[in-house]
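J.:
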Amino acid sequence: MHSTQRERLILEAVAATGFVTYRALEARLEASPATIRRDLTRLEEEGLIVRVHGGAKLAQEQKEEREDGLAGTPFAQSILQHLPAKQAIGRAAAALCRPGEGIMIDGGTTTLQMCPHLAGLDCQVLTNSLHIVDALLPQQGTRVLLPSGTVFREQNIVLAPAGEESMPRFHAPKLFMGAAAVGPQGVMQQDVILVAAERRFMERAEEVILLVDSSKFTSSSGAIVCGLDEIGTIVTDPGIPRDMAARLNDLGVRVVVA
Numbered sequence: 001m002h003s004t005q006r007e008r009l010i011l012e013a014v015a016a017t018g019f020v021t022y023r024a025l026e027a028r029l030e031a032s033p034a035t036i037r038r039d040l041t042r043l044e045e046e047g048l049i050v051r052v053h054g055g056a057k058l059a060q061e062q063k064e065e066r067e068d069g070l071a072g073t074p075f076a077q078s079i080l081q082h083l084p085a086k087q088a089i090g091r092a093a094a095a096l097c098r099p100g101e102g103i104m105i106d107g108g109t110t111t112l113q114m115c116p117h118l119a120g121l122d123c124q125v126l127t128n129s130l131h132i133v134d135a136l137l138p139q140q141g142t143r144v145l146l147p148s149g150t151v152f153r154e155q156n157i158v159l160a161p162a163g164e165e166s167m168p169r170f171h172a173p174k175l176f177m178g179a180a181a182v183g184p185q186g187v188m189q190q191d192v193i194l195v196a197a198e199r200r201f202m203e204r205a206e207e208v209i210l211l212v213d214s215s216k217f218t219s220s221s222g223a224i225v226c227g228l229d230e231i232g233t234i235v236t237d238p239g240i241p242r243d244m245a246a247r248l249n250d251l252g253v254r255v256v257v258a
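Each step along the sequence shown adds one to the number in the UniProt record's numbering, with nothing skipped, and position 243 is 243.
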């Protein structure tokens, strides 16, 4: 099992109750104690967990943010940021869809901009975003599926507790998702629950298509969702830094500039 997968499972386990034991992690990960200790050390250095006697607990700042809602910028505020770029990115991303195709769209202010351009394609869409559901419902030919879980009002997104199988039996050739930041380390989100939800989507997709405006390349902090090599296509705007574009090209990631 890759380290990114182990870290995702650790974060899921910790996020569920705020604490997880070493013994529970050994059973869940099927990894050696030394490997688990290294994983926990990396997560602690990122400020996501705190190692304690017998296991690990959620970092205090993550715990406080969880009590108030999801970490990160509220949806109503984020949707207004870099809006023209997001609209162009959404249009370009929708152009990658084929008529009648089954796709997955992760919740976010950039992925939301795909919705108007899916009209007439008669796609089947699995999404965890109530904003996206609301945008797609007027489209007569678009079928919409939702996972089960809890509604987080700040983002209007449906997320399930760790370990709960909430997804419909669904496999898709494409997953469209956003990110809080993109850097050499990979694709990042600000909340561990979002990381777990996006990994669940990724397990059901043949290709991950990342939708991010160029401002996301200027910061590189957060919990890692996946490495850059796990992305098939990135749709962004002309402001993408040249060094990042070159790195993505070296990794074989297709870059679409909207």
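Cβ coordinates follow ideal geometry from the N, Cα and C atoms, glycine included. This structure is a prediction, so every number in the text was calculated from the model and none was measured.
When the Cα of Ala95 is compared with those of Cys115, His82 and Ala85, which residue comes out closest?
T.: The residue labelled residue 95 in the question sits at position 95 within the sequence shown. Minimum Cα distance to Ala95 is reached at Cys115.
J.: Tell me the DSSP bridge mates of Ile157?
T.: Indexing the sequence shown from 1 puts residue 157 at position 157. According to DSSP, which records beta bridges pairwise, Ile157 is partnered with Ser129 and Phe152.
J.: Along the alpha helix (DSSP H) that carries Phe170, what are the first and last residues, could you check?
T.: Here residue 170 is taken as the residue at index 170 of the sequence shown, counted from 1. It is not in any alpha helix (DSSP H) - Phe170 carries neither H nor E in the DSSP assignment.
J.: CA-CA distance, Ala245 and His53?
T.: On the sequence shown, position 245 is the one that residue 245 refers to. On the sequence shown, position 53 is the one that residue 53 refers to. Rounded to the nearest angstrom, the two C-alpha atoms are 44 Å apart.
J.: Specify, as a first and last residue, the run of the alpha helix (DSSP H) that Arg37 falls within.
T.: Taking the first residue of the sequence shown as 1, we reach residue 37 at position 37. That run of the alpha helix (DSSP H) goes Pro33 to Glu45.
J.: Identify the residues that DSSP records as bridge partners of Gly102: which are they?
T.: Stepping through the sequence shown from its first residue, residue 102 is reached at position 102. The partner list for Gly102 (beta bridge, DSSP) reads Gln124.
J.: By DSSP, does Cys226 sit in helix, in strand, or in coil?
T.: By one-based count along the sequence shown, residue 226 stands at place 226. Here Cys226 sits in strand by DSSP.
J.: Going by DSSP, which residues form a beta bridge with Lys86?
T.: For the purposes of this step, residue 86 is taken as residue 86 along the sequence shown, with counting starting at 1. The partner list for Lys86 (beta bridge, DSSP) is empty, contrary to what the question assumes.
J.: Is the distance from the Cβ of Gln124 to the Cβ of Gly100 below 9 Å?
T.: The sequence position of residue 124 within the sequence shown is 124, counting from 1. The sequence position of residue 100 within the sequence shown is 100, counting from 1. Yes. Within cutoff.
J.: Leaving out five residues on either side along the sequence, give the residues of the same chain with a beta carbon under 6 Å from the beta carbon of Leu58.
T.: Translated into the one-based positions of the sequence shown, residue 58 becomes position 58. Here the set comprises Val14 and Gly18.
J.: Whole angstroms is fine: what's the gap from Ile49's alpha carbon to Tyr22's?
T.: Translated into the one-based positions of the sequence shown, residue 49 becomes position 49. Translated into the one-based positions of the sequence shown, residue 22 becomes position 22. Spanning the two alpha carbons is a distance of roughly 13 Å.
J.: Answer yes if the stretch 205 to 219 comes into contact with the stretch 25 to 34, meaning at least three C-beta pairs across the two stretches below 8 Å, and no otherwise.
T.: Touching, no, given that fewer than three Cβ pairs across the two stretches are closer than 8 Å.
J.: The beta strand (DSSP E) spanning Thr212 covers which residue range?
T.: For the purposes of this step, residue 212 is identified with residue 212 of the sequence shown, where counting begins at 1. It should be noted that the sequence gives Val, not Thr, for residue 212. Unbroken run through Val212: none, as it is neither H nor E.
J.: With respect to the beta strand (DSSP E) encompassing Ala181, which residues constitute its N-terminal and C-terminal limits?
T.: Numbered from 1 along the sequence shown, position 181 holds the residue referred to as residue 181. From DSSP, the beta strand (DSSP E) with Ala181 extends over Ala181 to Gly183.
J.: Over what stretch of residues does the beta strand (DSSP E) that includes Arg254 continue unbroken?
T.: The residue given as residue 254 occupies position 254 in the sequence shown. Segment Arg254 to Val257, the beta strand (DSSP E) holding Arg254.
J.: Got a sec, what are the start and stop residues for the alpha helix (DSSP H) Leu194 sits in?
T.: What you label residue 194 is simply residue 194 of the sequence shown in a count that begins at 1. That run of the alpha helix (DSSP H) goes Val192 to Met202.
J.: What does a CB cutoff of less than 6 Å around Gly102 pick up in its chain, not counting 5 residues either side in sequence?
T.: Counted from its first residue, the sequence shown places residue 102 at position 102. Excluding positions up to five away in sequence, the list reads Gln124 and Ala172.
J.: Output the boundary residues of the beta strand (DSSP E) element that contains Val118.
T.: Along the sequence shown, read from residue 1 onward, the residue named residue 118 stands at position 118. It should be noted that the sequence gives Leu, not Val, for residue 118. Unbroken run through Leu118: none, as it is neither H nor E.
J.: For Ser129, which option in Leu145, Gly141 and Gly239 has the closest C-alpha, if you only look at C-alpha atoms?
T.: In the sequence shown, residue 129 corresponds to position 129, counting from 1. Nearest option by C-alpha distance: Leu145.
J.: By the DSSP assignment, the alpha helix (DSSP H) with Leu29 in it spans what residues?
T.: Translated into positions along the sequence shown, residue 29 becomes position 29. First-last of the alpha helix (DSSP H) with Leu29: Tyr22 to Leu29.
J.: Distance, Cα to Cα, Gln139 vs Ala119?
T.: Looking up residue 139 in the sequence shown gives position 139. Looking up residue 119 in the sequence shown gives position 119. C-alpha separation (whole angstroms): 6 Å.
J.: Is it buried or exposed for Asp229, if we count other Cβ within 10 angstroms and need 16 for buried?
T.: By one-based count along the sequence shown, residue 229 stands at place 229. By the 10 Å Cβ count, Asp229 comes out exposed.
J.: Out of Asn249, Thr236, Asp243 and Arg254, point me to the one whose CA is closest to Leu83's CA.
T.: One-based indexing of the sequence shown puts residue 83 at position 83. If we check each option's Cα against that of Leu83, Thr236 comes out closest.
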